[in-house]
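Respectively, the protein sequence lines represent chains A and B.
Following this note's numbering, the numbering of the first sequence begins with 1 at its first residue and continues without gaps.
Following this note's numbering, the numbering of the second sequence begins with 208 at its first residue and continues without gaps.
Glycine included, every Cβ here is placed at the ideal spot set by N, Cα and C.
Okay, so here's the structure we're looking at.
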Amino acid sequence: MTHLASICLLLLKIHTMKSCAGVSLKTQELYALVFVTRYLDLFSNFVSMYNTIMKIIFLSSTFGIIWYMRGHKLVRQSYDKEQDTFRHYFLVIPCMVLALVIHSKFTLLEVLWTFSIYLEAVAILPQLVLLQRTRNIDNLTGNYIFCLGAYRALYLLNWIYRYFMEKNYHAQWITWMAGMIQTAIYADFFYYYFKSWKKNERLKLPA
Amino acid sequence: AQRTGSHDEL
Chain A
1 MTHLASICLL LLKIHTMKSC AGVSLKTQEL YALVFVTRYL DLFSNFVSMY
51 NTIMKIIFLS STFGIIWYMR GHKLVRQSYD KEQDTFRHYF LVIPCMVLAL
101 VIHSKFTLLE VLWTFSIYLE AVAILPQLVL LQRTRNIDNL TGNYIFCLGA
151 YRALYLLNWI YRYFMEKNYH AQWITWMAGM IQTAIYADFF YYYFKSWKKN
201 ERLKLPA
Chain B
208 AQRTGSHDEL
């Protein structure tokens, strides 16, 4: 739900302000790759109606955001292209290699799924780099990144709960480790987010 | 067989 909220916040910003200033297209494209490689089992592995609907929402909304940033006349003009310089392959290639080395089963779908877990952990980096370069971070963008970080942190709590409460729950070290790293990457952002919230000031990251 | 807790998350 926090993940869904983050997407709603981002779409709200882009749609109402007709601006994507401070939003990293690189991160959005990495997320698109994360969802495509993770949800390849959309039609073959039915978990629940909720699960299927959420997968479709995450996939379509991410491509919708990318369309807005690349294709929409007004939104496209507000994109900070010169500041959003992070290279995709810096993250994609190491994650691919890691997925080929560390996985639970050597099948195409499983390796791609593992790749998506690793890539998700670091997909926020271009956004955080761009954020540091952006002087005026608007509230919606700040809250968007907060929700995006919070959902993985909440997963950590959920994993602990499931580990103790569910009978047939198996340890999933790959997901846990990646989730911990993903949350740790946000630690610095969370610190400044709460600091500005407490002081009732605009969010600002130190250079 | 479906492994509980492996691919049932988003």
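Check	Outcome
Considering only the alpha carbon of each residue, which of A:Leu25, A:Ile117, A:Leu74, A:Met17 lies closest to Arg152 of chain A?	A:Ile117
For Tyr186 of chain A, which residues in the same chain have their Cβ closer than 6 Å to its Cβ, ignoring the five residues on either side in sequence?	Gly149
In or out: Lys105 of chain A buried (at least 16 other Cβ within 10 Å) or exposed?	exposed
Could you check what DSSP says for Glu206 of chain A in three-state terms: helix, strand or coil?	Glu is not the amino acid found at residue 206 of chain A; the sequence shown has Pro there. Reduced to three states, the DSSP call for Pro206 of chain A is coil.
Whole angstroms are fine: how far does the CA of Ile14 of chain A sit from the CA of Thr2 of chain A?	18 Å
Do you know offhand how far Ala99 of chain A's Cα is from Ala178 of chain A's?	12 Å
Run through DSSP, which three-state label would Gln77 of chain A get?	helix
How should Cys20 of chain A be labelled, buried or exposed, when 16 other C-beta atoms within 10 angstroms of its C-beta is the threshold for buried?	buried
Quick check on the DSSP output: the alpha helix (DSSP H) that includes Arg152 of chain A runs from which residue to which?	139 to 165
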